[in-house]
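Trainee:
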Amino acid sequence: MYDKQVRRRRAVLALLVVVSLILLTAYFGESAGSPLHSVQRGVVAVLSPIQDGASRALKPVRDLFGWFGDTARAKTERDQLRKQRDQLLHEVAGYRVAMQENAQLRGVLGVDDGSGLQGYQQHTARVIGRPLDNLVSDRLQLDAGSGDGVRVGDPVIGSGSGANTGGLIGHISFVAPNTSFVTLITDPSSAVSVRVLDSAGDFGLMKSSVGNPLDLLVQLLPRNANIQLDDIVVTAGSRSSALESLYPPNIPVGRVTKADPLELDNDQQVHVSPIADLRHLDYAQILTGPASASGQQRAQVGGNAGVAGGP
Amino acid sequence: MSSRDGYQLPLRLAALGFLTVVVQIAAISQVTVFGVSADISPLVVASVGLLAGSLPGAVFGFAVGLFVDLALVQTLGVTALLFIAIGYGAGRLRELRDPAHGLVPLAVGAAATGFATVGFALMQFLLGVRAPVSWLLLRDVVVTILIGSLLALPVYALVRRIVQGTLPQDPRRRRRRAYTTGGLSPLQRPSAGR
Numbered sequence: 036m037y038d039k040q041v042r043r044r045r046a047v048l049a050l051l052v053v054v055s056l057i058l059l060t061a062y063f064g065e066s067a068g069s070p071l072h073s074v075q076r077g078v079v080a081v082l083s084p085i086q087d088g089a090s091r092a093l094k095p096v097r098d099l100f101g102w103f104g105d106t107a108r109a110k111t112e113r114d115q116l117r118k119q120r121d122q123l124l125h126e127v128a129g130y131r132v133a134m135q136e137n138a139q140l141r142g143v144l145g146v147d148d149g150s151g152l153q154g155y156q157q158h159t160a161r162v163i164g165r166p167l168d169n170l171v172s173d174r175l176q177l178d179a180g181s182g183d184g185v186r187v188g189d190p191v192i193g194s195g196s197g198a199n200t201g202g203l204i205g206h207i208s209f210v211a212p213n214t215s216f217v218t219l220i221t222d223p224s225s226a227v228s229v230r231v232l233d234s235a236g237d238f239g240l241m242k243s244s245v246g247n248p249l250d251l252l253v254q255l256l257p258r259n260a261n262i263q264l265d266d267i268v269v270t271a272g273s274r275s276s277a278l279e280s281l282y283p284p285n286i287p288v289g290r291v292t293k294a295d296p297l298e299l300d301n302d303q304q305v306h307v308s309p310i311a312d313l314r315h316l317d318y319a320q321i322l323t324g325p326a327s328a329s330g331q332q333r334a335q336v337g338g339n340a341g342v343a344g345g346p
Numbered sequence: 098m099s100s101r102d103g104y105q106l107p108l109r110l111a112a113l114g115f116l117t118v119v120v121q122i123a124a125i126s127q128v129t130v131f132g133v134s135a136d137i138s139p140l141v142v143a144s145v146g147l148l149a150g151s152l153p154g155a156v157f158g159f160a161v162g163l164f165v166d167l168a169l170v171q172t173l174g175v176t177a178l179l180f181i182a183i184g185y186g187a188g189r190l191r192e193l194r195d196p197a198h199g200l201v202p203l204a205v206g207a208a209a210t211g212f213a214t215v216g217f218a219l220m221q222f223l224l225g226v227r228a229p230v231s232w233l234l235l236r237d238v239v240v241t242i243l244i245g246s247l248l249a250l251p252v253y254a255l256v257r258r259i260v261q262g263t264l265p266q267d268p269r270r271r272r273r274r275a276y277t278t279g280g281l282s283p284l285q286r287p288s289a290g291r
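The listed protein sequences correspond, in order, to chains A and B.
For the first sequence, the tail end lands on 346 under my numbering, and the numbers increase by one without skipping.
For the second sequence, the tail end lands on 291 under my numbering, and the numbers increase by one without skipping.
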């Protein structure tokens with residue numbers, strides 16, 4: 036009797052392990068449109084309304100726990116923001132004059148405003164989930180999907196109230212009919228071509244730093260770049276037909292938090308903190324553009340990336 | 098035991114697993130403490146293993162892990178494989194050692210969280226996902242284990258409350274109870290041959 040129980044237990048254990056390994060191997064070797072991926076997409080589509088409801092219902096609980104941390108951070112942030120506000124008030128006056136001149140000159144020359152968001156529609160979506168594997172990857176789940184016109188590769192910006200919002204947060208890496216996943220700019224696999232708004236407007240490549248995703252690194256900068264603390268970093272964008280950037284130009288991404296001349300000279304990099312508050316987002320805005328050949332290409336690239344290591 | 102009673106445990110475990118994953122994704126994962134978020138799913142799997150034994154623990158771990166992989170668009174089988182080990186390990190601990198100390202769930206919870214966190218990262222590395230390795234990552238792993246340890250006892254109590262009354266009788270526990278409450282130990286009992 037005891038031997039029978041032991042044999043049964045071992046057989047079930049072996050069966051479960053073998054099934055897991057078969058699933059793992061099959062899934063890993065499949066393309067994005069294969070049966071296992073389709074099943075997964077179906078499960079996600081069925082689950083997302085439930086998750087949406089649960090997310091709404093459990094928001095007070097999240098807010099309660101978040102309140103403790105937020106209160107501790109709020110005082111420090113308030114003092115920093117007051118300093119920044121005073122500094123910015125001086126700058127704004129100068130910028131307004133410059134903008135007026137700029138608009139007049141652009142009107143004279145007949146060029147567009149260069150914001151890069153023409154042709155994009157902003158679709159506001161609610162954050163309904165954050166995957167568990169935040170030590171290895173950094174993603175968010177939104178309640179908008181292909182039914183809302185969302186496609187793989189669409190840029191996503193943070194939205195909501197407060198000072199730390201309004202910046203780029205990532206791009207769509209997986210889409211189901213009523214939900215989608217955003218791979219954040221802090222994900223190890225993410226890289227964004229950016230421009231630092233210093234005196235020269237230096238270009239670089241932004242990635243998350245090892246072990247501390249919220250500390251972003253802008254790399255490949257010129258060794259003699261004159262970058263200062265609090266310089267704003269925006270998306271560089273690229274409209275080259277050969278390799279179109281995922282992100283339109285001039286979306287704010289971050290603010291320089293450390294610009295060590297020695298590090299700049301040796302490693303050609305500075306440290307940047309994201310403008311959007313990536314850990315406390317309730318809503319995000321997906322920039323959905325018109326269907327185009329380049330959009331299809333982006334979808335292909337995103338789809339392949341999703342197969343290799345999850346979206 | 099009627100056939101209706103026989104379905105009670107699987108039904109309750111299915112509901113428990115579903116709710117665990119939904120609550121984890123919709124609420125708990127979105128609250129960060131010192132830069133990491135708590136993960137109650139390995140704690141629930143370990144608790145089920147501790148309460149119900151190795152076989153239910155392994156099956157429950159497989160089901161919850163597969164559900165997590167499906168819901169989070171991860172490589173299927175990774176979390177399932179890890180959770181099988183957690184459920185089975187916790188169940189075997191109960192069957193072999195029958196630990197009675199009140200802090201056992203805490204230790205098991207810490208071990209389960211550590212195993213799930215490190216195991217998932219290792220599996221991702223093996224599958225070719227490039228992820229950073231540094232002292233800060235190690236710190237995050239330690240903080241995750243600490244948070245898991247803090248949550249282990251309440252999660253265990255909750256799981257025990259949910260599955261209470263549906264667990265099959267455990268002969269080992271019954272024997273021990275009989276001995277400690279005044280029954281004769283097997284050495285003192287007159288043997289049938291004597």
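For glycine and all other residues, C-beta sits at the position ideal for the given N, C-alpha and C.
A quick note: this is a predicted structure, and the numbers were derived from the prediction, not measured.
With a cut-off of 8 Å, do at least 3 Cβ pairs link the region 213 to 225 of chain B to the region 222 to 241 of chain A?
Mentor: no
Trainee: Can you look up Leu51 (chain A) in the DSSP assignment and give me helix, strand or coil?
Mentor: helix
Trainee: Looking at Pro309 (chain A) and Gly289 (chain A), is the spacing between their C-beta atoms short of 7 Å?
Mentor: yes
Trainee: Please report the residue range of the beta strand (DSSP E) in which Gln221 (chain B) lies.
Mentor: Looking at the DSSP string, Gln221 (chain B) is not in any beta strand (DSSP E); the run it does join, the alpha helix (DSSP H), is 201 to 223.
Trainee: So is Phe131 (chain B) buried or exposed if we call it buried at 16+ other beta carbons inside 10 Å?
Mentor: exposed
Trainee: Starting from Val323 (chain B) and walking both ways along the beta strand (DSSP E), at which residues does that stretch end?
Mentor: This structure does not reach residue 323 (chain B), given that chain B is present from 98 up to 291, and the question cannot be answered.
Trainee: Taking 7 Å as the CB-CB limit, is Leu178 (chain B) close to chain A?
Mentor: Closer than 7 Å: yes.
Trainee: Return the chain-ordered list of same chain residues with a C-beta closer than 7 Å to the C-beta of Ser215 (chain A), the five sequence neighbours on each side being excluded.
Mentor: Answer for Ser215 (chain A): Leu177, Ala179, Gly180, Val185, Ile207, Phe209, listed in chain order.
Trainee: Which chain A residues are close to Gln127 (chain B), counting only those with a beta carbon under 7 Å from its beta carbon?
Mentor: Correct list: Arg97, Arg165.
Trainee: How many Å lie between Val156 (chain B) and Leu264 (chain B) at the Cα?
Mentor: 15 Å
Trainee: By Cβ distance below 8 Å, which residues in the same chain neighbour Val260 (chain B) in space, the five residues on each side in sequence not counted?
Mentor: Leu106, Arg109, Leu110, Leu113, Val145, Leu148, Ala149
Trainee: Can you give me, in chain order, the residues of the region 71 to 91 of chain A that have a beta carbon less than 7 Å from any beta carbon in chain B?
Mentor: Leu71, Gln75, Val78, Val79, Leu82, Ile85, Gln86, Ala89, Ser90
Trainee: If you measure from the beta carbon of Gly174 (chain B) to each beta carbon in chain A, is any gap under 7 Å?
Mentor: yes
Trainee: List the endpoints of the continuous beta strand (DSSP E) containing Asn247 (chain A).
Mentor: 247 to 254
Trainee: Cβ of Met139 (chain B) within 7 Å of Cβ of Ile183 (chain B)?
Mentor: Reading the sequence as shown, one finds Pro at residue 139 (chain B) and not Met. In contact: Pro139 (chain B) and Ile183 (chain B) (Cβ atoms closer than 7 Å).
Trainee: State the start and end residues of the unbroken beta strand (DSSP E) segment that holds Pro309 (chain A).
Mentor: 305 to 309
Trainee: Taking the DSSP output, what are the residues bridged to Lys293 (chain A)?
Mentor: A:His306
Trainee: Does Gly197 (chain A) have its Cβ less than 7 Å from a Cβ in chain B?
Mentor: Residue confidence is low: Gly197 (chain A) scores 49 on pLDDT, short of 50, so the model does not pin down where it sits. Its coordinate-derived value is still stated next. Closer than 7 Å: no.
Trainee: Answer with yes or no whether the minimum CB distance from Leu169 (chain B) to chain A is below 7 Å.
Mentor: yes
Trainee: Measuring CA to CA, which of B:Leu152, B:Ala177, B:Gly154 is closest to Phe164 (chain B)?
Mentor: B:Ala177
Trainee: Helix, strand or coil for Arg108 (chain A)? Go by DSSP, reduced to three states.
Mentor: helix
Trainee: Would you call the region 90 to 108 of chain A and the region 117 to 132 of chain B in contact, with 3 or more CB pairs under 8 Å?
Mentor: Output reads yes: the region 117 to 132 of chain B touches the region 90 to 108 of chain A.
Trainee: Following the continuous alpha helix (DSSP H) through Val256 (chain B), name the residue where it begins and the one where it ends.
Mentor: The continuous alpha helix (DSSP H) containing Val256 (chain B) extends over residues 232 to 260.
Trainee: Nearest CA to the CA of Asp105 (chain A): which residue from A:Ile321, A:Leu316, A:Glu298?
Mentor: A:Leu316
Trainee: Got a sec: is the Cβ-Cβ distance from Tyr62 (chain A) to anything in chain B below 7 Å?
Mentor: Taking Cβ atoms only, chain B reaches closer than 7 Å to Tyr62 (chain A), which makes this a yes.
Trainee: In whole angstroms, what is the alpha-carbon distance linking Val240 (chain B) and Val171 (chain A)?
Mentor: 15 Å
Trainee: Could you tell me which chain B residues have their CB closer than 8 Å to the CB of Arg44 (chain A), listed as they occur along the chain?
Mentor: Those within 8 Å of Arg44 (chain A) in chain B are Ser151, Leu152.
Trainee: Would you list the one or two residues that DSSP bridges to Gly239 (chain A)?
Mentor: In DSSP, Gly239 (chain A) forms a bridge with A:Val229.
Trainee: Does the region 165 to 175 of chain B touch the region 197 to 204 of chain B, meaning 3 or more C-beta pairs lie closer than 8 Å?
Mentor: No, they do not touch.
Trainee: Assign Ala213 (chain B) to buried or exposed, taking buried as 16 or more other Cβ atoms, counted over all protein chains shown, within 10 Å of its Cβ.
Mentor: buried
Trainee: According to the Cβ coordinates, are Ile242 (chain B) and Ala207 (chain B) closer than 7 Å?
Mentor: yes
Trainee: Does the separation of the CB atoms of Asn285 (chain A) and Val269 (chain A) fall below 7 Å?
Mentor: In this structure, Val269 (chain A) lies closer than 7 Å to Asn285 (chain A) by Cβ.
Trainee: According to DSSP, what are the bridge partners of Phe216 (chain A)?
Mentor: A:Gln176, A:Phe209
Trainee: Indicate whether the contact test is met: 3 or more Cβ pairs, each with one atom in the region 132 to 143 of chain A and one in the region 299 to 306 of chain A, closer than 8 Å.
Mentor: No, they do not touch.
Trainee: By the criterion of Cβ-Cβ separation under 9 Å, what are the contact partners of Val350 (chain A) in chain B?
Mentor: Examination of residue 350 (chain A) is not possible in this model, given that chain A is present from 36 through 346 alone.
Trainee: Between which two residues does the beta strand (DSSP E) harbouring Gly164 (chain A) extend?
Mentor: 156 to 164
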